[in-house]
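S.K.: Sending over a structure as structure tokens; questions will come in a sec.
This is the structure we're talking about:
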């Protein structure tokens, strides 16, 4: 773009009404970047001939090599409507590959609208669902581009009528996804997820229909419809696209029909009645051609038939003349040899793609000043915090968001990610064209130097001695001058913030507050300048920075700006030291941080990296820091073993991270381990049959008979020690009893597998569990604080003899104080009322799930939940079945009424919780987290500490303190310190032992694999899936095509190299899309050993069988340095044969 165009862009930035911030969203290979090339070519930045081939927005080498987009990049375009009004369009091209879903999140957060691209042949794919959901959650207004219509003509050989039906089906699929998102939101707002609820009143069932809430809401502008103008039919590869409004304007003059009537009838079941000269409905029933087929598709089909398929020169020339197109002589000349180029020249002039898309963007997508209040509250508060709970000054900033005024006194900027840019591409390092004045100055300077050189030559011939001394003096002075001004080394990678201005005007040199995601503005509001500075310095979630540079994103290039008005998408320099990935910049201390980005794809694949040379470890550590800052999805951590680990979202993402670390950030040779896949450990109900489908109970009886025979042979009627242990283990049913080392506390724990419905609820509501755990932690701290305050005052403590007895306060006062504590908890966390309702609903859902699993086994289990784990929000439960410990329920803070007898906490309660969290974080199989286990505390007793020998003579009986008694402050200070630490380790070991007392299993991470393949390669796809332990779930034939949609599951541990292998086996006709789905139990028992001859023959060491669970478990244990039970050959001998070599 020329310099004059940059000045024009700067002028357009000042009018927020004419700004459109949009992003392109689609599944991988649906044509996003090709569409972006066509839009960029309309501004003259690239040649129209190179559109679709250059892939201008893919600036990375690996993007060009793989042919997919890996990062979100932005560019500013200008577009003028027919009325002459000019618009500034900030376009962001986002990736479609599932591994780079975090890049889509960073793009969507900055935009107000979206262009959703769908391949009409492949239809709605998994990533199409994901991007539509992402746009819906961020309250974006989308338009739909049905791309690759040319494939219906050239590949599938559809007739215009068949193509019309196919396009209707694709449009219905997209609208079905949008409708499901809409109905879910409406049902959530009215507080019900079910369509109806049945209650009984006077013995009769009364049905309350909640679905009327959907019928009452206005959804007229929700769905995509060509008559609304939010659907574009296109072929980005051939450079054409249209809306039906374009043809309605053409045919309204030819047919004499009003344009509004044609806008409504060009798409749909309408046809022209030539006798009555009217547009009538019912074309399909009467076997008539619809208007869309007759006026639009048949014209397109005829052009492709003449130019591309038949290559009819005379017919092609007639078409160009009838359409009044000016085709260059070069394109006409190459029409025979390159018909695709000739076709692109005709179609791009007849139906320009950029005009169809950009006109829809300007007319139907909102400007930054039209942001909704609902979206503003969502940005400021998130899903759990309430907007009304914010400080009044923070709430006043909502008006600044809504006005989006450049003259606002408050500057608010959102940084969605940090982009690493090569320093050579920075504007200050780029060569710029010289002006005429600079050229004249340089010419004069060259002439001066030339005259001085001639004068010096004449002086040398006349005064050689004097000149020699002058030269020596110069030689001495030059190094000194060079030493005085040393050159500073510039970093090769500069970080530029990818940001948007939501309010005010951002200027170079402006000072702003950098707000972290955990920043709370309430303590800072109202402080004086000196106090405020001291508070900022002591708080890690806020800092102050100065804007050093502002850039305009232009795809592969950056342009310098002095200021940026509200509504602009820009780059900001100088933030690499204060911003890691995302942050909020604001000139007001009262601004809350923006809500965290919702990333659907979580990093799951790990790789340990190290440098080849130990001396380069510092370079590796620095490179990992830069990588963590440059990629919003990658996670970098140091494990307990000292390994530096990179966690990526998928195989492609992992390879990109390793390439960036090696070539850009660390710039050293690195070694990477094999991919590290996480597993989970669980227990299952005791199986009745083994691997060979033989009853386990029968085997146990046979073993007991053998033990009894041995006992009889020994001549003793009593059982041997071995048989006694076996009987005890069978009788205890997995119950484990352990004591602390000082014998003061005893724990009785049992491990039970959770019902599948309960596990699913816990996995889906991890955020709510985290909120619930935070509420209980604060409630417990406040409760203990109140208890210690009561114990410290003398009003509630009376002396009886020599012992202190604690008087419990009255129950009414206790309930009142508990209610006050609950109010304090809700005030501190600023919990939304909707969040409390969701937690209550979660509780009721858990009660229903436990009741369905078995009333007797799980009776009142929800009320006895102690804590969730690991980390307070995992799919494991610690259950309190100790009768003497009436612990307050974890749901106390969300209850409407507090019971009079709600119980009380004990001093060592946190020790049991800590031990449970440690145990569930690393199980005994291979130190992986546990999943789906309920640990039941059957009994928990505390004994008095051992007394001295002199006291022992006086009191021989040991006093037992149960939880019905209280612990005095003296005992709490003296003995509870050691007991607390020992209880943590005892609780952890008891949970692990109880886990080992049950049938143990490994759980593998599973991918959902979507594959689109033709019938010819279907067998090869199944063969690859079978070799990698995959399982096919469904296989559907796509309507009108010979391709199949295959849905399968595949273990993540077996997925490395899967995409490459399946493409090789099918010659590129099948391409998989892998998305993390769930955790699945590996069926094989990791401790099963073949004993009988038949088992040894089929499953022994020499058999062609490998225990999958043992393979996974040993690989993890070997990587972590744990003991692995395997046979190794210590003294090998050369094999000898009797026969001689012949």
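In our numbering, the protein residues as written are 103 to 1244.
The C-beta atom is built at its ideal place from N, Cα and C for all residues, glycine as well.
Which of the three DSSP states, helix, strand or coil, is assigned to residue 125?
M.R.: Strand at residue 125.
S.K.: What are the residues that DSSP puts in a beta bridge with residue 145?
M.R.: Per DSSP, none; premise fails for residue 145.
S.K.: Do you know whose CA, among 939, 1043, 461, lies nearest residue 983's CA?
M.R.: Taking only the C-alpha atoms, the option nearest residue 983 is 1043.
S.K.: Excluding the 5 residues preceding and the 5 following residue 296 in the sequence, name in chain order all residues of the same chain whose CB lies nearer than 6 Å to its CB.
M.R.: No answer about residue 296 holds up, because its pLDDT of 44 lies below 50 and its placement is not dependable.
S.K.: If residue 980 sits next to residue 968, beta carbons under 8 Å apart, how far is it from one beta carbon to the other, in whole angstroms?
M.R.: The pair is a contact, with the Cβ atoms about 4 Å apart (cut-off 8 Å).
S.K.: Could you tell me whether the Cβ of residue 987 comes closer than 8 Å to any Cβ of chain B?
M.R.: Structure shown: chain B not included; a single protein chain is present.
S.K.: Where does residue 714 fall in DSSP's three states?
M.R.: The answer is coil: DSSP assigns residue 714 none of H, G, I, E or B.
S.K.: Within 10 Å of its beta-carbon, does residue 1180 have 16 or more other beta-carbons around it, so buried, or fewer, so exposed?
M.R.: By the neighbour-count rule (16 or more Cβ atoms within 10 Å), residue 1180 is not buried but exposed.
S.K.: Comparing C-alpha positions only, which one of 879, 466, 977, 1106 sits nearest to residue 995?
M.R.: Closest by alpha carbon: 879.
S.K.: Please tell me whether residue 344 and residue 369 are closer than 8 Å, where the distance is taken between their beta carbons.
M.R.: Result no, Cβ atoms of residue 344 and residue 369 do not sit closer than 8 Å.
S.K.: Give, in chain order, every unbroken run of the beta strand (DSSP E) that is at least 3 residues long and sits entirely within the region 648-730.
M.R.: You should have 651-656, 659-663, 671-675, 685-688, 707-713.
S.K.: Going by DSSP, name the residue or residues bridged to residue 971.
M.R.: Note: residue 971 sits in a beta bridge opposite 978.
S.K.: Is the CB-CB distance between residue 177 and residue 655 below 8 Å?
M.R.: Their beta carbons are under 8 Å apart, which means residue 177 touches residue 655 by this criterion.
S.K.: What residues are listed by DSSP as bridge partners for residue 1112?
M.R.: Answer is 1149, 1175.
S.K.: Please identify the residue among 382, 675, 1115 whose C-alpha is closest to the C-alpha of residue 610.
M.R.: Of 382, 675, 1115, the residue nearest in Cα terms is 675.
S.K.: Kindly confirm or deny that the region 661-673 and the region 537-552 touch, where touching means at least three C-beta pairs closer than 8 Å.
M.R.: Contact fails: fewer than three Cβ-Cβ distances are below 8 Å.
S.K.: Quick check on the DSSP output: what are the complete alpha helix (DSSP H) runs of length 4 or more inside the region 355-380, in order along the chain?
M.R.: DSSP runs (the alpha helix (DSSP H)) wholly in the region 355-380: 361-367.
S.K.: Could you check whether the Cβ of residue 272 sits closer than 7 Å to any heavy atom belonging to the ligand MN?
M.R.: In terms of ligand content, the structure shown is empty, and the ligand MN therefore cannot be addressed.
S.K.: Given that a residue counts as buried once 16 or more other Cβ atoms are within 10 Å of its Cβ, and exposed if not, what is residue 266?
M.R.: Residue 266 comes out buried.
S.K.: How far does the beta strand (DSSP E) with residue 441 in it reach, from first residue to last?
M.R.: Not the beta strand (DSSP E): residue 441 falls in the alpha helix (DSSP H), residues 441-452.
S.K.: Spatial neighbours of residue 923 within its chain, please: CB distance less than 8 Å, with the 5 preceding and 5 following residues excluded, ordered by chain position.
M.R.: 881, 884, 885, 888.
S.K.: Would you say residue 699 and residue 213 are within 8 Å of each other, going by their C-beta atoms?
M.R.: No, they are not a contact pair.
S.K.: So, at 8 Å on beta carbons, what are the nonlocal neighbours of residue 360 in its own chain, with the 5 sequence-adjacent residues on each side left out?
M.R.: Excluding positions up to five away in sequence, the list reads 354.
S.K.: Can you look up residue 75 in the DSSP assignment and give me helix, strand or coil?
M.R.: Beyond the ends of the chain as shown, which are 103 and 1244, falls residue 75; an answer cannot be given.
S.K.: Please classify residue 351: is it buried, with 16 or more other beta-carbons within 10 angstroms of its beta-carbon, or exposed?
M.R.: Exposed, since its Cβ has fewer than 16 Cβ neighbours within 10 Å.
S.K.: I need the straight-line Cα distance from residue 867 to residue 1032, nearest angstrom please.
M.R.: Roughly 17 Å between the two C-alpha positions.
S.K.: Is the number of C-beta pairs between the region 859-873 and the region 969-978 that are closer than 8 Å three or more?
M.R.: Segments in contact, yes.
S.K.: So does the region 209-226 actually touch the region 238-246, counting three or more Cβ pairs closer than 8 Å?
M.R.: A contact exists between the region 209-226 and the region 238-246.
S.K.: Do residue 221 and residue 132 have their CB atoms nearer than 8 Å?
M.R.: Yes, these two residues count as a Cβ contact at 8 Å.
S.K.: Can you tell me where the alpha helix (DSSP H) holding residue 746 begins and where it ends?
M.R.: Not the alpha helix (DSSP H): residue 746 falls in the beta strand (DSSP E), residues 746-750.
S.K.: How many whole angstroms separate the CB atoms of residue 788 and residue 1174, which I take to be in contact at a CB cut-off of 8 Å?
M.R.: The pair is not a contact, with the Cβ atoms about 38 Å apart (cut-off 8 Å).
S.K.: Pull up the distance between the alpha-carbon of residue 108 and that of residue 471, whole angstroms please.
M.R.: Cα to Cα, residue 108 sits roughly 23 Å from residue 471.
S.K.: Taking the straight line between their C-alpha atoms, what separation do you get for residue 635 and residue 191?
M.R.: Rounded to the nearest angstrom, the two C-alpha atoms are 40 Å apart.
S.K.: DSSP three-state label for residue 1102, please.
M.R.: Three-state result, residue 1102: strand.
S.K.: With distances taken between CB atoms, is the gap from residue 157 to residue 135 smaller than 8 Å?
M.R.: In this structure, residue 135 lies closer than 8 Å to residue 157 by Cβ.
S.K.: Under 8 Å, do residue 664 and residue 653 count as touching if we go by C-beta distance?
M.R.: No, the Cβ-Cβ distance between residue 664 and residue 653 is not below 8 Å.
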